[in-house]
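Trainee: Numbering (our numbering), first residue to last: 49 to 190. The structure under discussion is supplied below as structure tokens; questions concerning it will follow.
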Amino acid sequence: MRVLTFGWEFPPAQSGGLGFACQSLTQKLLHDGVEVIFVLPKTQDAPHGNARFIFADKERLLRFKEADVTPVPYQHAHNKIDIIVGYKEDGTPIIKSRTIIEEAHRFAHQASIIAMTEEFDVIHAHDWTSYLAGVAAKIASG
């Protein structure tokens, strides 16, 4: 079984109880033979453990997956308002949101892109900051 997990933090990054709960749950799943793909909203120091980690801020804004459907036009692009505050050495923008709610919505958008290209059996969204990511992943993956 493969679980696509969305969480807001994970040790060794400075974490509160949420990060340690995610770590414990992930370790138990791995111990039981479950493959875990853990998605975090931002790049951080290498997390401990044997899970595969994806950092949503490293994902491209668009990925392609072959599908036998007619695309639906984008309807709400004007709702995505971010502030580019600079650029990294590799040219990717440094984006700052005004609130954690905006951060959670951006994470959800990135989650939908990730879910379209990953293979998984179950989606787990760990808390209020990542549940929108889980919902977006479900909608995107069918």
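Where a beta carbon is used, it is the ideal one built from N, C-alpha and C, also for glycine.
(1) State the Cα-Cα distance for the pair residue 87 and residue 158, rounded to the nearest angstrom.
(2) By Cβ distance, which residues of its chain are closer than 7 Å to residue 134, with the 5 residues on each side in sequence left out?
(3) Determine, using beta carbons only, whether residue 68 comes closer than 7 Å to chain C.
(4) Below 8 Å on the Cβ atoms is my guess for residue 188 versus residue 160; work out the distance and round it to an integer in Å.
(5) Among the residues of its own chain, which have a CB less than 8 Å from the CB of residue 174, if the five just before and after it don't count?
(6) So for residue 154, helix, strand or coil by DSSP?
(7) Exposed or buried, residue 162, counting other C-beta atoms within 10 Å across all chains shown (16 or more means buried)?
(8) Quick check: the Cα distance between residue 140 and residue 50, rounded to an integer number of angstroms?
Mentor: Answer, in terms of the structure:
(1) 10 Å
(2) 142
(3) Among the chains of the structure shown, chain C does not appear; only one protein chain is present.
(4) 4 Å
(5) 53, 54, 55, 56, 66, 69, 70 and 73
(6) helix
(7) buried
(8) 30 Å
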